[in-house]
Structure formats: structure tokens, C-alpha cells
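One structure is given below, encoded as C-alpha cells.
Protein chains: 2
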Amino acid sequence: MAYFDAASGAPLHPVARQALMASLDEGWADPARLYREGRRARMLLDAAREAAAEAVECRPDELVFTTSGTRAVHSGTAGALAGRRRVGRHLIVSAVEHSSVLHAAQVHEAEGGTVTEVAVDRTGAVAPSAYAEALRPDTALACLQSANHEVGTVQPVAEVAEACRVAGVPLLVDAAQSLGWGPVRGDWSLLAASAHKWGGPSGVGLLVVRKGVRFAPQGPVDERESGRAAGFENLPAIVAAAASLRAVRAEAAEESARLRELTDRIRAGVPDRVPDVEVVGDPERRLPGIVTFSCLYVDGETLLHELDRAGFSVSSGSSCTSSTLTPSHVLKAMGVLSEGNVRVSLPAGTPREEVERFLSVLPGAVAGTREKLGAPVGAAAGGTGRGDDALVVDARGRRCPIPVIELAKVIGDVPVGGTVRVLADDEAARLDIPAWCEMRGQQYVGEEPADRGSAYVVRRVS
Amino acid sequence: MAYFDAASGAPLHPVARQALMASLDEGWADPARLYREGRRARMLLDAAREAAAEAVECRPDELVFTTSGTRAVHSGTAGALAGRRRVGRHLIVSAVEHSSVLHAAQVHEAEGGTVTEVAVDRTGAVAPSAYAEALRPDTALACLQSANHEVGTVQPVAEVAEACRVAGVPLLVDAAQSLGWGPVRGDWSLLAASAHKWGGPSGVGLLVVRKGVRFAPQGPVDERESGRAAGFENLPAIVAAAASLRAVRAEAAEESARLRELTDRIRAGVPDRVPDVEVVGDPERRLPGIVTFSCLYVDGETLLHELDRAGFSVSSGSSCTSSTLTPSHVLKAMGVLSEGNVRVSLPAGTPREEVERFLSVLPGAVAGTREKLGAPVGAAAGGTGRGDDALVVDARGRRCPIPVIELAKVIGDVPVGGTVRVLADDEAARLDIPAWCEMRGQQYVGEEPADRGSAYVVRRVS
Numbered sequence: 001m002a003y004f005d006a007a008s009g010a011p012l013h014p015v016a017r018q019a020l021m022a023s024l025d026e027g028w029a030d031p032a033r034l035y036r037e038g039r040r041a042r043m044l045l046d047a048a049r050e051a052a053a054e055a056v057e058c059r060p061d062e063l064v065f066t067t068s069g070t071r072a073v074h075s076g077t078a079g080a081l082a083g084r085r086r087v088g089r090h091l092i093v094s095a096v097e098h099s100s101v102l103h104a105a106q107v108h109e110a111e112g113g114t115v116t117e118v119a120v121d122r123t124g125a126v127a128p129s130a131y132a133e134a135l136r137p138d139t140a141l142a143c144l145q146s147a148n149h150e151v152g153t154v155q156p157v158a159e160v161a162e163a164c165r166v167a168g169v170p171l172l173v174d175a176a177q178s179l180g181w182g183p184v185r186g187d188w189s190l191l192a193a194s195a196h197k198w199g200g201p202s203g204v205g206l207l208v209v210r211k212g213v214r215f216a217p218q219g220p221v222d223e224r225e226s227g228r229a230a231g232f233e234n235l236p237a238i239v240a241a242a243a244s245l246r247a248v249r250a251e252a253a254e255e256s257a258r259l260r261e262l263t264d265r266i267r268a269g270v271p272d273r274v275p276d277v278e279v280v281g282d283p284e285r286r287l288p289g290i291v292t293f294s295c296l297y298v299d300g301e302t303l304l305h306e307l308d309r310a311g312f313s314v315s316s317g318s319s320c321t322s323s324t325l326t327p328s329h330v331l332k333a334m335g336v337l338s339e340g341n342v343r344v345s346l347p348a349g350t351p352r353e354e355v356e357r358f359l360s361v362l363p364g365a366v367a368g369t370r371e372k373l374g375a376p377v378g379a380a381a382g383g384t385g386r387g388d389d390a391l392v393v394d395a396r397g398r399r400c401p402i403p404v405i406e407l408a409k410v411i412g413d414v415p416v417g418g419t420v421r422v423l424a425d426d427e428a429a430r431l432d433i434p435a436w437c438e439m440r441g442q443q444y445v446g447e448e449p450a451d452r453g454s455a456y457v458v459r460r461v462s
Numbered sequence: 463m464a465y466f467d468a469a470s471g472a473p474l475h476p477v478a479r480q481a482l483m484a485s486l487d488e489g490w491a492d493p494a495r496l497y498r499e500g501r502r503a504r505m506l507l508d509a510a511r512e513a514a515a516e517a518v519e520c521r522p523d524e525l526v527f528t529t530s531g532t533r534a535v536h537s538g539t540a541g542a543l544a545g546r547r548r549v550g551r552h553l554i555v556s557a558v559e560h561s562s563v564l565h566a567a568q569v570h571e572a573e574g575g576t577v578t579e580v581a582v583d584r585t586g587a588v589a590p591s592a593y594a595e596a597l598r599p600d601t602a603l604a605c606l607q608s609a610n611h612e613v614g615t616v617q618p619v620a621e622v623a624e625a626c627r628v629a630g631v632p633l634l635v636d637a638a639q640s641l642g643w644g645p646v647r648g649d650w651s652l653l654a655a656s657a658h659k660w661g662g663p664s665g666v667g668l669l670v671v672r673k674g675v676r677f678a679p680q681g682p683v684d685e686r687e688s689g690r691a692a693g694f695e696n697l698p699a700i701v702a703a704a705a706s707l708r709a710v711r712a713e714a715a716e717e718s719a720r721l722r723e724l725t726d727r728i729r730a731g732v733p734d735r736v737p738d739v740e741v742v743g744d745p746e747r748r749l750p751g752i753v754t755f756s757c758l759y760v761d762g763e764t765l766l767h768e769l770d771r772a773g774f775s776v777s778s779g780s781s782c783t784s785s786t787l788t789p790s791h792v793l794k795a796m797g798v799l800s801e802g803n804v805r806v807s808l809p810a811g812t813p814r815e816e817v818e819r820f821l822s823v824l825p826g827a828v829a830g831t832r833e834k835l836g837a838p839v840g841a842a843a844g845g846t847g848r849g850d851d852a853l854v855v856d857a858r859g860r861r862c863p864i865p866v867i868e869l870a871k872v873i874g875d876v877p878v879g880g881t882v883r884v885l886a887d888d889e890a891a892r893l894d895i896p897a898w899c900e901m902r903g904q905q906y907v908g909e910e911p912a913d914r915g916s917a918y919v920v921r922r923v924s
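As they're listed, the protein sequences go chains A and B. For the first sequence, the numbering used here assigns the number 1 to the initial residue and increments by one for each residue that follows. For the second sequence, the numbering used here assigns the number 463 to the initial residue and increments by one for each residue that follows.
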């Protein structure tokens with residue numbers, strides 16, 4: 001078995017396990033108590049806070065432990081927005097944030113706030129200028145991830161932080177995917193992270209609020225964690241989180257170089273071995289361990305099952321939407337193909353052989369899936385080109401990737417200059433038909449409303 | 463070392479430790495994923511939910527895991543209040559709830575809701591009739607603990623639930639202190655609990671919402687835990703929580719009988735060995751492992767240090783106010799002495815010898831503390847009774863128990879029928895001077911405003 005889904009949750013680092021074991025015996029008592037066990041728990045908590053703060057490069061009293069990265073994001077955004085309520089209620093997020101940030105933005109909007117979603121380019125990166133333009137006099141908070149969780153693209157946090165600093169707006173950085181690799185550079189104001197992303201245990205997040213940042217914790221609080229994270233501290237897990245962060249950091253330089261080489265191998269190797277594949281995300285400015293690609297004419301769910309049977313655990317689309325069938329909001333914002341999407345995220349220590357085996361297994365898995373779906377073979381638009389110059393394909397009621405497969409089957413039947421109208425009611429078609437046109441060098445004319453669903457118009461140009 | 467503070471947090475049960483270890487290897491993956499590791503995690507999560515639901519006596523789909531008991535209370539109250547917002551915004555709580563409930567009530571009030579605090583009797587119990595009277599047409603929710611965390615008094619939950627049911631108002635039960643001993647009886651609607659109170663790990667709470675109860679989760683949510691607890695599930699801890707709940711339940715009947723005998727021993731033994739002590743809480747309707755008493759003329763903090771030095775870890779006053787110096791809201795609501803307060807809460811497995819040693823160490827610890835403070839010796843009002851018939855003692859700027867000690871020193875100096883006015887600005891005096899009068903058979907006349915602080919007037923009657 002090869003587990004290639006570290007971006008969802010990494011297996012426990014040996015140091016985390018060791019620290020957890022040790023502090024189960026030493027750190028179960030209430031650190032607010034004055035007796036021996038309580039004082040010992042307090043010492044462990046203080047030491048963990050110092051270690052985590054050192055890794056973040058902040059002051060220990062700026063950092064609190066939360067019960068998850070999601071909780072850190074929710075508490076951080078709510079507290080920062082409330083702290084600047086007098087300034088205004090405008091929130092800026094990127095279109096490719098983790099769902100926890102987008103959920104917080106939705107709640108903010110439902111409560112009467114306004115939200116600007118900053119678009120990304122085809123690599124998944126925001127432009128600092130776009131953040132600068134989104135800033136308004138009533139902007140209370142801006143949020144930006146340090147790196148994207150689905151495609152690995154690293155965001156220009158320092159530049160965006162500088163634009164925010166100039167405007168006097170705090171920037172909250174969701175560092176969940178990158179903190180294990182290094183501190184977040186730049187003049188950010190708040191930071192959220194999640195221990196189980198770096199090999200720490202579940203149940204621990206970090207919330208950092210820089211001194212001087214206005215912050216008004218929301219909801220009921222107590223005296224724990226500076227009034228920013230209510231409830232009995234999960235001390236053994238906190239100790240394990242801090243210890244493992246230190247440990248992964250010690251290995252980060254070497255391991256990131258090694259994983260980058262392996263993901264480079266996948267980035268280059270997949271298109272070599274599998275036809276009709278789009279590797280997505282920035283080829284340079286990216287996390288070491290994540291590589292994402294999409295395969296034309298492939299149903300992601302089926303491909304995942306095939307890979308699972310072959311012993312590979314990977315994910316597809318957004319990390320939080322595996323139970324829904326809508327395309328990932330990240331791929332959508334990037335405007336890239338969503339069908340047959342595979343995210344490979346390698347845990348630290350992944351052996352090279354497993355990656356090689358993945359590359360050898362993948363072509364068969366994709367081909368098998370395509371065959372089942374009756375996908376067209378070969379890249380050229382075949383056919384006689386002697387049919388009508390305005391074909392209609394009705395793919396309503398059929399799910400991704402069928403609409404694209406139907407389009408590919410008939411494109412050769414219209415003469416160059418002719419059009420195909422694909423009727424579809426599956427939301428993925430809106431993303432995948434234009435992406436197919438881009439990959440195939442055909443012209444995407446546009447979308448028109450149709451009875452039940454939409455008509456996607458494609459002109460054959462080659 | 464004897465750890466006698468199980469009500470704050472119990473040491474990890476061996477079964478919890480074992481389950482935690484096992485599921486660190488098996489249960490670190492995302493249970494929302496479809497690959498092998500994810501499916502395994504899902505199975506573990508489902509099994510844990512079923513085991514916990516069986517212990518609670520609810521349906522598995524009524525129970526979600528939260529990140530702490532505090533979080534369960536906060537999410538439960540917020541969701542239940544929002545779910546019945548159309549009915550009204552009136553909330554009922556008892557005066558002796560855990561601080562997490564009172565904090566939630568404070569937030570509700572700050573947001574425009576109304577709160578009725580139901581008083582308790584001198585044993586710490588509410589009267590079901592008092593809840594029935596507090597119910598209004600606009601009552602959205604009532605909250606009641608199953609048993610008190612400071613004095614161990616068991617609340618009449620089933621009777622209160624029945625009154626609520628008749629009125630169509632949901633009752634949320636904070637079962638944190640009792641769930642390890644058995645399910646909560648009666649027709650309650652919501653239930654919250656905390657694993658580390660029964661020997662499970664930190665970082666796990668339970669929130670149960672009965673089918674048919676209106677519930678609107680507040681704040682950002684995701685697809686985890688039926689949309690009621692956002693963030694990656696802390697699976698190893700959840701598995702350990704469920705396994706240990708099952709384990710402590712299997713031992714509950716025998717262990718509760720044994721602990722009850724030990725706490726009976728303390729309830730009877732402390733007043734026998736230590737003069738001027740008030741044992742508080744209901745002598746019959748109480749949790750097996752908790753016994754609480756207060757010692758006249760004793761500073762709780764100093765006594766705790768003495769006991770800590772003698773190897774006993776106990777707490778004083780509210781479990782969440784050790785860092786503040788205000789008297790516990792529970793003792794205050796009960797109207798009992800708060801000075802020199804000690805809560806002994808025995809973890810399962812406490813050997814009898816430790817309890818005996820505690821009883822042998824306590825008298826010396828109390829006497830030593832009293833001696834340091836210059837407390838009066840003996841129970842009778844000594845003195846000549848030949849002084850003024852209206853003495854004034856100025857104890858302003860001096861902390862508990864000094865005002866009471868000063869009162870005790872001079873009461874003998876006024877003739878029977880004469881009064882002592884104690885000037886004090888320490889909040890504990892408001893509670894402890896009347897309590898002293900009750901213990902000493904003197905008459906508490908009342909409180910009057912004074913320059914800086916209050917004047918507490920006591921009439922000598924014997």
C-alpha cells in the first residue's frame with residue numbers, strides 16, 4: 001500500500017508518536033491547577049507553545065492551540081473581523097482557499113458582511129496586484145493561503161502582506177499546507193495551521209495573532225489559551241504536535257528536495273505515459289510533495305477506485321468534497337480540466353520505488369477507465385467532416401465525463417468551421433468543455449441557456 | 463502522590479491508552495476518503511459512534527463527536543437556541559452549571575437573549591418546580607447538569623425534563639460528571655459530555671441531539687459530523703473515548719459502590735477530625751467520587767499547597783477559577799462557606815489507604831494554615847463580653863479568610879445582643895460572614911454599603 005494523500009492528513013510522525021506516549025503519562029492533568037500534576041502539565045504546555053512559536057517565528061504569547069486547523073481558521077477570521085468591525089465588514093479571500101476559509105466567508109456574508117473573492121490564474125496563484133485592488137476603506141480582513149492544498153501552488157504571501165500592511169488591513173494566512181516546510185515569510189498579521197498536516201496528531205491547530213492586531217474572540221470563551229480557544233487543552237496532542245513540528249523542520253530541507261524530485265518525476269512522467277492529460281498548478285512555485293493532474297475522458301471516482309485496487313491512495317478534487325460530485329472549487333477557479341482529476345501528495349519518507357510503481361500502474365488504470373466509458377482513442381479529430389455543420393449532442397442527465405466524451409466523438413463529423421452544441425446539465429461540463437477545447441485546439445464559443453441545463457457551443461477549427 | 467481531582471480530569475484509563483495506541487496506526491486517515499485507509503478510518507469512527515450511542519442510550523445518528531465537552535455545550539446551546547429562535551430567546555440555566563454553560567448564557571444575553579438562572583438549595587440541587595415556574599412561552603431552551611462538578615449533588619434531571627416536555631421546551635443536559643457512571647434517565651432533548659472526565663483522552667466531547675429536536679448549527683460548518691462539528695475528526699482519541707466509556711461502564715456498579723464508601727468515610731471523618739468544618743452537597747443524592755468541605759479560618763490556596771506538599775492533589779472552588787480569587791459560583795449559589803474549600807474527587811481505582819492517609823494528614827494541614835493566619839482556637843465565643851455593644855472591625859484591603867477571622871476574634875467582646883460591623887472589600891466576605899453566623903449560631907443582620915466595600919453586620923445571640 002502506498003499512501004499518497006498526505007495533504008489530507010499525514011501519518012503520525014515517529015516523534016509525534018513518542019511525544020504523545022510520553023505526555024499521556026505526564027500531561028493529562030489540568031494545566032490551570034496548582035498541584036504537582038497541574039504544574040507539570042503547565043510546563044509541558046508552555047514548552048510546546050515555545051517550540052511551536054519558534055517554528056512559526058512568532059512570540060509564544062501570540063500563539064494559541066486550537067482543536068483543529070479548521071477551528072483556528074474559524075476563530076481567527078471571526079475574531080479579526082469582529083476586532084475591526086468599526087472599520088467595516090469587508091472581507092477578502094482568494095477563490096482557491098480551503099473550504100474552512102470559504103465557509104467562514106459564507107457565514108460572514110450571511111450575517112451582513114461583504115466578501116470579495118480574488119481570482120487566480122491558470123496555475124492557481126493570485127496576483128498581489130489583485131489583492132491590492134480588492135482592498136477598500138471598509139476592508140476588515142484579508143485571507144490568503146500560503147500554498148494551495150489541491151494543486152500545491154505557492155502563493156505570493158509576502159507581497160500580498162505588504163499590500164495589506166500599506167492599507168492597514170490585517171492578513172490572515174492559512175499555512176496548513178506549508179508550515180511543516182518552513183515559516184511563512186512576510187508581514188502577515190494572523191496565521192492558522194493544522195498539526196495533522198505535518199505529521200502531528202489530529203485535534204491540534206495553531207492560531208497566531210500578532211501583537212497589535214485587533215482581535216475580539218467570538219462566541220463563549222473561557223480562561224484557556226488567552227481566551228481564544230475554549231475548553232480543556234488537549235495536552236498530549238499539543239506536546240506531540242510541537243515536537244513533531246520541530247522534527248519535520250529539522251528534516252525539511254533534505255526531505256523537500258527529495259520529494260520535489262519525486263513530484264517532478266510525476267509531473268514529467270504522467271504526460272509521457274498517459275495521453276490527454278493536463279498537469280495543473282505552478283511547475284516552479286509549488287509545495288515539494290503535491291502534484292495534480294487531470295485526465296480527459298475519465299471519471300475521477302472510477303480512476304480512484306482503480307488506483308486504490310492497485311494499492312495507491314490518492315484523492316481527487318477538493319479535499320472536502322469527496323462525498324459530493326461537484327467539481328473542485330480550486331480547479332474551477334483555475335479554469336482547468338476537472339475530469340479524471342488526481343491529486344498525489346507524498347508523505348515525508350515516500351520511497352522512490354513507490355512513485356515509479358505509481359507511474360507504471362497509472363497508464364493501465366486510466367486506459368481501463370476510458371475503455372469502460374467508451375472514450376475516443378487518439379488525439380486527432382477523426383471522422384469524415386461530411387456531416388451537418390451544426391450538430392447537437394444531447395448529454396443531459398449524463399454525468400461527467402460523458403458530455404466531453406460525446407463531444408469528442410462527434411467533433412470530427414462536422415466540417416472545419418462547423419459547430420457542435422452539447423446539451424448538458426452536469427455542472428462539470430461548464431468547466432470541462434472549455435478545458436477540452438483548450439487541450440484540443442478547438443474553439444469554445446460559449447454557453448447558452450437550454451431547456452434543463454445549458455448548451456455549450458464548440459467550433460471545429462482544425 | 464495521590465491524585466484526588468478526577469472531576470477536573472481523570473488519568474487515562476488503560477483501555478483508552480490501548481485503544482489510542484491501536485488507532486494511531488489504523489485511524490489517522492480522513493474518514494471522508496474512499497481509499498483503504500479512509501474506509502478503515504470510517505469503520506473505526508462508525509464503531510466508536512455506535513459504542514458511545516449505546517452508552518448514552520441514543521441512536522448513533524443522534525450523536526456527534528466534538529473536540530471537547532466545552533465545545534459540545536457551546537455548539538449544543540447555540541444550535542438549540544437558533545433552532546427555536548421563532549419561539550423566543552429565553553434560556554433557562556441553573557445557578558450551579560459548569561462555566562461552559564454559563565459562558566454560553568452570557569453570550570446569549572449579550573446578543574439580546576434573556577436568561578433565567580434557577581436557584582439551588584443549600585445542598586446544591588434545583589427544585590423541578592423552580593424549572594417549571596421558570597418556563598415561559600418564549601423559552602427556547604433549558605439547561606441542567608446531571609450532577610454538580612464541585613459538590614457532586616445529583617440533579618433531578620428526569621423530573622425537570624418532564625416539566626420541559628410538557629411545556630414543549632427542549633432540555634440540554636450537561637452530563638460531563640456523570641456519563642461514566644451511567645446513562646442520563648428521563649426525556650431530555652440534548653446532551654453534552656466530555657471524555658477526559660471518564661478516563662478517556664482530552665480532545666473529545668459528545669453532543670447528542672435527539673431526533674425531532676429543532677437544531678440549527680451556528681458558525682461555519684463543514685460536512686463532518688453531520689454538519690455539527692467542523693474540522694478533521696480526531697479519530698484515535700474518539701476511538702479511545704468510546705472504548706474507555708464502555709470499559710468504565712462495565713466497572714461502574716462495583717466501582718461506584720466502592721468510591722461511595724470512601725467518600726462517605728471522608729464526609730464522616732473530616733468533621734470528626736477537623737473543627738469548624740462544613741461538609742457541603744447532598745449526603746445521599748450525589749456522585750460516588752466527589753466530596754467537598756470548607757474549613758473556617760482557612761485560606762484555600764494555602765491549604766491546597768499544604769496538601770500538595772503532603773502528596774495530595776485536590777482542587778478548591780470552581781474547577782475553572784483557580785487562577786481568579788473570587789469564590790466559586792456554585793458555593794455562592796448554595797450559600798455555604800467558601801473559605802478553606804476543598805473538593806476531593808477520587809479517580810476510579812483510588813485505594814482505601816490513600817483516603818485514610820488523607821484523613822490523617824488533613825487535620826495537621828488545616829491547623830497549620832490556621833496557625834499561620836492567627837485564627838481563633840475553639841468553637842465558643844470567648845471574650846468577656848464587656849466591650850462596646852457596637853464594635854467595628856476594619857478588614858478592608860484584607861483577603862478571605864481574614865475578615866471572618868477578625869470577626870471571630872472580637873465577637874466575644876460585645877455583649878449578647880450587641881453587634882459587630884465588619885468592613886470588608888473582599889467578595890468572599892459576602893458569602894463567608896453569613897455562613898460563619900450559621901455555623902456559629904450568631905445572627906447575620908445584613909449588609910450595608912460602606913466607603914470602599916461593604917459593612918456586614920452580625921449580632922451576638924449566644
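By construction, the Cβ of each residue, glycine as well, lies at the ideal position given by its N, Cα and C atoms.
Closest to residue i by C-alpha separation, out of the options, would be which residue?
i                : options                               : result
Gly112 (chain A) : A:Ser345, A:Ala104, A:Thr70           : A:Ala104
Arg210 (chain A) : A:Leu331, A:Gly412, A:Gly79           : A:Gly79
Val616 (chain B) : B:Val675, B:Ser556, B:Gly630          : B:Ser556
Pro14 (chain A)  : A:Asp299, A:Val120, A:Gly200          : A:Gly200
Val279 (chain A) : A:Leu63, A:Ser256, A:Thr123, A:Val377 : A:Thr123
Ser256 (chain A) : A:Gly231, A:Thr350, A:Leu44           : A:Thr350
Under the rule that 16 or more other beta-carbon atoms within 10 Å means buried, what is residue i, buried or exposed?
i                : result
Pro11 (chain A)  : buried
Ser319 (chain A) : Reliability of the predicted coordinates at Ser319 (chain A) is poor, the pLDDT of 31 falling under 50, and no value is obtained from them.
Val208 (chain A) : buried
Ala134 (chain A) : buried
Asp222 (chain A) : buried
Ala372 (chain A) : With the sequence shown as reference, residue 372 (chain A) is identified as Lys, and Ala is not the correct amino acid for it. Lys372 (chain A) comes out exposed.
Hey, residue i and residue j are a contact pair by Cβ (cut 8 angstroms); roughly how many whole angstroms apart?
i                : j                : result
Leu963 (chain B) : Leu633 (chain B) : The structure shown does not extend to residue 963 (chain B), since chain B is modelled only from 463 through 924, so no value can be given for it.
Leu821 (chain B) : Ala468 (chain B) : Contact doesn't hold; Cβ gap of about 18 angstroms is too wide.
Tyr131 (chain A) : Ala163 (chain A) : 5 angstroms
Ser194 (chain A) : Gly69 (chain A)  : 3 angstroms
Pro271 (chain A) : Leu431 (chain A) : That belief does not hold up - the Cβ atoms of Pro271 (chain A) and Leu431 (chain A) are roughly 20 angstroms apart, past 8 angstroms.
Arg931 (chain B) : Met1 (chain A)   : Chain B is shown only over 463 to 924; residue 931 (chain B) falls outside these bounds and no answer can be derived.
Val569 (chain B) : Gly152 (chain A) : Wrong, their Cβ atoms sit about 40 angstroms apart, outside the cutoff.
Using a C-beta to C-beta distance shorter than 8 angstroms, which residues of chain A count as neighbours of residue i?
i                : result
Pro745 (chain B) : Near Pro745 (chain B) there are no residues of chain A at all, since even the closest Cβ is about 27 angstroms away, more than 8 angstroms.
Pro863 (chain B) : Going along chain A, no residue has its Cβ under 8 angstroms from Pro863 (chain B), so there is no contact; the nearest lies around 18 angstroms.
What residues match up with residue i in a beta bridge as DSSP calls it?
i                : result
Asn610 (chain B) : Per DSSP, none; premise fails for Asn610 (chain B).
Phe293 (chain A) : A:Val279, A:Val342
Gly446 (chain A) : A:Val457
His552 (chain B) : B:Thr576, B:Thr601
Leu191 (chain A) : A:Val173, A:Val208
Tyr3 (chain A)   : A:Ser313
Arg748 (chain B) : B:Thr615
Val64 (chain A)  : A:Leu207
Ala886 (chain B) : B:Ser916
Whose Cβ in chain B lies nearer than 7 angstroms to the Cβ of residue i?
i              : result
Met1 (chain A) : Arg498
Find the residues of chain B that neighbour residue i, judging by a C-beta separation of less than 8 angstroms, and give them in chain order.
i               : result
Ser94 (chain A) : In chain order: nothing, as chain B lies at least about 17 angstroms away.
His90 (chain A) : Per Cβ cutoff of 8 angstroms: no residues; His90 (chain A) is ~18 angstroms from chain B at best.
What does residue i touch in chain B if you count any residue whose Cβ is under 9 angstroms from its own?
i               : result
Thr67 (chain A) : Thr528, Thr529, Ser530, Arg533, Gly665, Gly693, Asn696
Trp28 (chain A) : Gly471, Ala472, Pro473, Leu474, His658, Pro663, Ser664
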